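Each residue of the sequence shown is one higher than the last, beginning at 1 in UniProt numbering.
Working notes, beginning with the structure itself.
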Amino acid sequence: MEPWAEVEEDSGEEITIEEEYNWDNLPEHACSYCGNHSPSTVVKCATENCNRWFCNSYGGNKAGSHIIAHLVKARHKSVMMHSETTLGETNIECYVCSSKTVFLLGFVPSKTENTLIFLCREPCALRNMISDKEWDLEAWKPLIEEKRFLPWIVSVPTEEEDRKARKISIKEISKIEEEIRTGKVPVRTPEVSENIKHIKLRYNNTREYKEIYDKLVRLDAEYDREVKQSQKKNDINLRWERTDKRILAIFIFNKDDSDVRLVIGDEMKLSLESGKWEGIGTITRISDSEEVELQITTMKGPIPNQVTDYSVEFVWKPTTFQRMQRGLQLLANRQIDAYILNKILGKNTENSMIKVNLPKDLSAPNLPPLNHYQVEGVKKALASRLMLIQGPPGTGKTVTSATIVYHMVMQKKGQVLICAPSNIAVDQLTEKLHKCGLKVVRVCAKSREAVSSTIDFLTLHQQVKDLDLADFSELKVLMEKREKIGILSSEEEDNFKKLRIKAENLILSKAEVISCTCSGSFDPRLKDFLFRQVLIDEATQATEPECLLPILTGACQVILVGDHCQLGPVVMCKKAAAAGYNRSLFERLVHLGNIPYRLHIQYRMHPSIAEFSSITFYEGSLQNGVSISQRIYRGLDFPWPVPNKPLLFYNTIGPEELSASGTSYVNRTEAANVEKIVTQLMRSGVAGSQLGIITPYEGQRVFITAYLQNFGTLGPSHYREIEISSVDSFQGREKDFIILSCVRSNDNLGIGFLQDNRRLNVALTRAKFGLIICGNAKVLAKQPLWNNLLNHYNEKGVLVEGALNNLKQCMIKLTPPQKLNFTNEAPYVEESNGFGTYILSAQQEFLDNL
Numbered sequence: 001m002e003p004w005a006e007v008e009e010d011s012g013e014e015i016t017i018e019e020e021y022n023w024d025n026l027p028e029h030a031c032s033y034c035g036n037h038s039p040s041t042v043v044k045c046a047t048e049n050c051n052r053w054f055c056n057s058y059g060g061n062k063a064g065s066h067i068i069a070h071l072v073k074a075r076h077k078s079v080m081m082h083s084e085t086t087l088g089e090t091n092i093e094c095y096v097c098s099s100k101t102v103f104l105l106g107f108v109p110s111k112t113e114n115t116l117i118f119l120c121r122e123p124c125a126l127r128n129m130i131s132d133k134e135w136d137l138e139a140w141k142p143l144i145e146e147k148r149f150l151p152w153i154v155s156v157p158t159e160e161e162d163r164k165a166r167k168i169s170i171k172e173i174s175k176i177e178e179e180i181r182t183g184k185v186p187v188r189t190p191e192v193s194e195n196i197k198h199i200k201l202r203y204n205n206t207r208e209y210k211e212i213y214d215k216l217v218r219l220d221a222e223y224d225r226e227v228k229q230s231q232k233k234n235d236i237n238l239r240w241e242r243t244d245k246r247i248l249a250i251f252i253f254n255k256d257d258s259d260v261r262l263v264i265g266d267e268m269k270l271s272l273e274s275g276k277w278e279g280i281g282t283i284t285r286i287s288d289s290e291e292v293e294l295q296i297t298t299m300k301g302p303i304p305n306q307v308t309d310y311s312v313e314f315v316w317k318p319t320t321f322q323r324m325q326r327g328l329q330l331l332a333n334r335q336i337d338a339y340i341l342n343k344i345l346g347k348n349t350e351n352s353m354i355k356v357n358l359p360k361d362l363s364a365p366n367l368p369p370l371n372h373y374q375v376e377g378v379k380k381a382l383a384s385r386l387m388l389i390q391g392p393p394g395t396g397k398t399v400t401s402a403t404i405v406y407h408m409v410m411q412k413k414g415q416v417l418i419c420a421p422s423n424i425a426v427d428q429l430t431e432k433l434h435k436c437g438l439k440v441v442r443v444c445a446k447s448r449e450a451v452s453s454t455i456d457f458l459t460l461h462q463q464v465k466d467l468d469l470a471d472f473s474e475l476k477v478l479m480e481k482r483e484k485i486g487i488l489s490s491e492e493e494d495n496f497k498k499l500r501i502k503a504e505n506l507i508l509s510k511a512e513v514i515s516c517t518c519s520g521s522f523d524p525r526l527k528d529f530l531f532r533q534v535l536i537d538e539a540t541q542a543t544e545p546e547c548l549l550p551i552l553t554g555a556c557q558v559i560l561v562g563d564h565c566q567l568g569p570v571v572m573c574k575k576a577a578a579a580g581y582n583r584s585l586f587e588r589l590v591h592l593g594n595i596p597y598r599l600h601i602q603y604r605m606h607p608s609i610a611e612f613s614s615i616t617f618y619e620g621s622l623q624n625g626v627s628i629s630q631r632i633y634r635g636l637d638f639p640w641p642v643p644n645k646p647l648l649f650y651n652t653i654g655p656e657e658l659s660a661s662g663t664s665y666v667n668r669t670e671a672a673n674v675e676k677i678v679t680q681l682m683r684s685g686v687a688g689s690q691l692g693i694i695t696p697y698e699g700q701r702v703f704i705t706a707y708l709q710n711f712g713t714l715g716p717s718h719y720r721e722i723e724i725s726s727v728d729s730f731q732g733r734e735k736d737f738i739i740l741s742c743v744r745s746n747d748n749l750g751i752g753f754l755q756d757n758r759r760l761n762v763a764l765t766r767a768k769f770g771l772i773i774c775g776n777a778k779v780l781a782k783q784p785l786w787n788n789l790l791n792h793y794n795e796k797g798v799l800v801e802g803a804l805n806n807l808k809q810c811m812i813k814l815t816p817p818q819k820l821n822f823t824n825e826a827p828y829v830e831e832s833n834g835f836g837t838y839i840l841s842a843q844q845e846f847l848d849n850l
């Protein structure tokens with residue numbers, strides 16, 4: 001998952017109350033948070049069943065004025081003015097389309113008269129949907145600035161009014177909104193006290209470990225359930241596509257840059273609003289235009305003829321969370337190798353090594369030859385009981401992992417299990433292992449069996465279909481009947497299940513390598529298998545309970561591969577993240593003194609692109625496996641400020657705006673500059689598929705996508721192959737050219753997600769031939785790491801501003817760069833005591849045979 005809940009909260013520090021209102025005597029239109037009640041300073045939430053009043057005061061925090069904080073927290077979007085204001089008792093809405101979403105609304109002045117109209121940013125203002133030429137669309141400005149309504153719309157309370165009002169923190173606001181949402185009686189002065197313990201660096205015993213992580217898993221699960229179940233969409237129009245084997249419902253799912261990200265493999269329920277039909281399906285395709293292809297797997301009644309009046313909602317599945325809780329229970333019962341358990345708990349345990357006989361040439365068949373550092377990494381991994389391998393961007397981490405697994409198989413010590421937190425990472429490693437000539441079986445979740453990939457032929461469900469043995473001829477007949485008709489008799493269904501299980505066990509038993517996600521390692525189909533050697537790729541992107549699952553399948557030798565200097569696990573629940581749930585096992589082991597083996601030669605980036613990340617995150621240790629000449633794009637007509645240095649920071653001064661949901665951000669000026677840059681590159685012969693546009697904010701991703709389609713100079717079709725995505729979803733991937741839109745541009749609200757040092761590292765290391773950053777240098781320079789980056793770019797002569805065809809060096813004054821240390825960012829609690837050891841007999845047998 002990606003961080004779509006994007007409004008960063010303040011510290012939540014309590015503020016001393018100087019004077020409290022008598023809440024019983026306040027007028028009806030008093031602010032529900034602080035009590036301010038001057039008619040000009042308050043506005044009513046016009047969402048059905050809400051109708052509460054809020055003021056336009058920040059009230060001591062920077063999470064937005066009280067009305068904005070409420071709209072964001074409650075996911076409400078419309079307001080009504082007080083009758084005594086200039087506008088009178090009226091809803092604010094778009095002049096053209098009548099949209100009442102205040103986060104989208106702005107005003108447009110008349111060209112000739114002293115009047116104005118309200119107009120939504122998208123689609124009406126963006127697509128120029130006003131036929132009347134009276135209005136100056138270029139002067140459109142949002143109604144909300146710095147997370148507060150413009151004062152002429154809703155007045156800001158005076159200092160005296162604010163002094164009398166009750167002070168309230170963002171944590172208290174969150175608590176009030178949670179109580180209202182869950183149906184509890186709202187409390188005016190709630191006490192924010194959560195019984196959530198922070199993760200620790202060392203644990204006294206397995207019970208303590210389980211207690212801490214079990215609560216965090218439950219907290220994250222509850223948040224995930226609530227968010228997904230709140231994403232129901234009504235008035236859906238669709239079209240049906242039927243084939244012999246598939247029934248597809250195709251529709252547009254506008255997700256409004258909310259907390260939820262659609263992912264191929266998700267399950268959704270589709271139903272007629274009349275209640276006469278419903279079906280459940282799996283998402284098999286998502287287009288850039290947010291068109292969703294849902295393959296129906298179960299349904300009540302025949303497919304309806306109508307194509308309108310449907311509703312669609314997520315089917316929340318607790319499977320992953322339940323498996324993590326089961327894993328924690330197994331750990332609490334010490335069902336794990338003693339040495340690895342000691343390491344996980346943070347005990348002072350000497351490194352345990354394994355004697356292995358290795359060939360002189362460690363390169364695996366059909367894979368690129370290994371460099372010196374990769375060879376040493378493979379040797380150390382094969383000789384270690386627990387090994388951390390750090391793979392900085394472009395250093396051949398997947399090739400190294402595949403080579404390790406290849407030699408594990410050659411040792412013939414049993415089946416090897418490979419896992420990763422994401423399906424994409426699992427598929428990539430699976431494909432490389434197949435190229436080595438290994439017998440690898442990819443186990444997919446049942447919900448993903450309808451999703452096609454480049455390694456379909458390696459999946460367990462496809463190998464069952466392709467099984468050509470006399471003993472399973474009946475199974476093939478039943479599968480064909482089931483796919484064609486959709487139903488079997490009860491006797492046939494029982495027989496089908498028995499034969500399928502038998503076939504799956506046969507295929508799995510013959511595999512040398514089994515691959516799945518970390519959660520998939522607890523799939524019931526693998527419950528009878530013991531995996532003594534486990535490799536976890538992208539281990540730094542898995543939460544600790546998630547990473548434990550493959551280790552708990554019998555592992556006595558564990559290789560964790562990742563990079564703790566890039567993005568860690570994505571945890572949507574802020575409470576869980578604040579308690580450290582977004583820290584990986586890999587990272588905690590590093591903090592415990594387990595030094596990861598680092599791969600040093602990068603083969604992706606032009607040397608000038610790689611330089612800053614190497615210096616900042618890897619002590620300058622990265623070496624370039626590609627030369628400058630190998631990363632010069634021949635024939636490119638682009639105004640790089642310095643020859644043979646294909647990078648620049650394009651200083652862009654344009655205000656940020658809240659997105660349609662109020663939880664993300666948009667920067668229209670940056671979007672326009674991105675279009676100019678992309679168009680210039682494409683006119684020089686760069687294909688859309690070679691370009692990537694990345695941004696930390698989903699609101700900006702959506703806006704840039706719409707902007708290119710509506711205002712792209714070359715026409716909509718030319719921009720469709722460009723991948724426009726979040727920074728987070730681009731981790732582990734690359735493009736020839738990357739354009740980064742930073743978005744944030746304000747005076748007082750900070751830079752939010754851009755403060756994450758690891759997110760910046762990811763963003764800077766995706767490009768092979770050229771990197772262009774669009775951002776407000778003055779705002780970004782307030783953060784130490786960004787200040788260092790801007791200093792670096794300024795010294796290289798690539799910090800520029802002005803027209804794209806006439807770039808000039810930016811004259812901004814920067815503070816000198818600082819020496820930064822990122823090794824102590826994780827807020828761990830440290831405590832340690834001893835305990836006894838335990839080891840499974842099967843694992844001891846494995847160790848004895850090493």
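No residue lacks a Cβ here, since even glycine has one placed at the ideal position from N, Cα and C.
Just so you know, these numbers come straight off a predicted model, no measurement behind them.
Ranked by Cα distance from Trp316, the options Val43, Asp466, Gly265 are led by Gly265.
Pairing Ile296 with Ile724, the inter-Cα distance amounts to about 28 angstroms.
Residue pairing by DSSP puts Lys269 in a beta bridge opposite Ile280, Glu313. Sixteen is the threshold: since fewer than 16 other Cβ atoms of the shown chains lie within 10 Å of the Cβ of Gly685, the residue is exposed. If the five residues before and after Val96 are omitted, its C-beta is found closer than 8 angstroms to the C-beta atoms of Leu119, Cys120, Cys124, Met129, Ile130, all from its own chain and listed in chain order.
The residue among Arg148, Val356, Leu216, His564 with its C-alpha nearest the C-alpha of Gly732 is His564. Look at Trp135 here: in three-state DSSP terms it is strand. Residue pairing by DSSP places Glu145 opposite Arg148 in a beta bridge. DSSP places Lys44 in the strand class (E or B) of the three-state scheme. Closest option to Leu382, judged by alpha-carbon separation, among Gln533, Leu622, Lys735: Gln533. The shortest CA-to-CA distance from Arg701 to any of Gln690, Pro716, Ser729 is the one to Ser729. Between Ile514 and Leu526, the C-beta spacing is below 9 angstroms. The beta carbons of Tyr650 and Leu804 sit closer together than 9 angstroms.
When C-alpha distances from Gly625 are compared across Glu431, Ser661, Asn371, the shortest belongs to Asn371.
The residues Leu382, Ala383, in chain order, have a CB closer than 6 angstroms to that of Val356 in the same chain once the five nearest residues on each side in sequence are set aside. If only complete runs of 4 or more residues are kept, the segment 727–800 shows the alpha helix (DSSP H) at 757–764, 777–780, 784–796, in order along the chain. His198 counts as exposed, since fewer than 16 other beta carbons sit within 10 angstroms of its beta carbon.
Judged by DSSP secondary structure, Met387 falls within the beta strand (DSSP E) whose first and last residues are 386–390. Using a Cβ distance threshold of 9 angstroms, Lys435 and Leu367 count as a contacting pair. For the beta strand (DSSP E) assignment, the uninterrupted runs of no fewer than 3 residues enclosed by the segment 79–126 are, from N- to C-terminal side, 79–81, 105–109, 116–120. When DSSP states are grouped into helix, strand and coil, Met299 belongs to the strand group. In this structure, Val727 sits away from Glu656, with a CB-CB distance that is not shorter than 9 angstroms.
Using a Cβ-Cβ distance cut-off of 8 angstroms, the segment 596–605 and the segment 778–787 are not in contact, since fewer than three pairs of beta carbons, one from each stretch, lie closer than that value.
In the three-state reduction of the DSSP assignment, Glu241 falls in the strand class.
As a beta-bridge residue in DSSP terms, Glu293 pairs with Ile250, Arg285. Taking the C-beta atoms as reference points, His76 is found no nearer than 9 angstroms to Ser32. Per DSSP, the continuous beta strand (DSSP E) segment holding Ile693 begins and ends at 691–695. Setting aside the 5 residues that flank it on each side, Asp224 has no residue in the same chain whose C-beta is closer than 6 angstroms to its C-beta. Contact between Ser689 and Glu721 is confirmed by a C-beta separation of about 5 angstroms, below the 8 angstroms threshold.
In the DSSP assignment, Leu429 falls outside any beta strand (DSSP E) and within the unbroken alpha helix (DSSP H) covering 423–435. Contact between Tyr310 and Leu272 holds: CB atoms are separated by about 6 angstroms, below the 8 angstroms threshold.
Going by beta carbons, Ser83 and Pro157 fall outside the 9 angstroms limit. A distance below 7 angstroms between beta-carbons, with the five flanking residues on each side excluded, links Asn237 to the following residues of its chain, in chain order: Phe251, Val307, Thr308.
In the structure shown, the three-state DSSP call for Ser627 is coil. With a cutoff of 9 angstroms on beta-carbon distance, Val561 and Ile340 are scored as not near each other. Sequence-distant partners of Thr101 (beyond 5 residues in either direction) whose C-beta falls short of 8 angstroms from its own C-beta, in its chain, are Lys77, Ser78, Cys120, Ala660.
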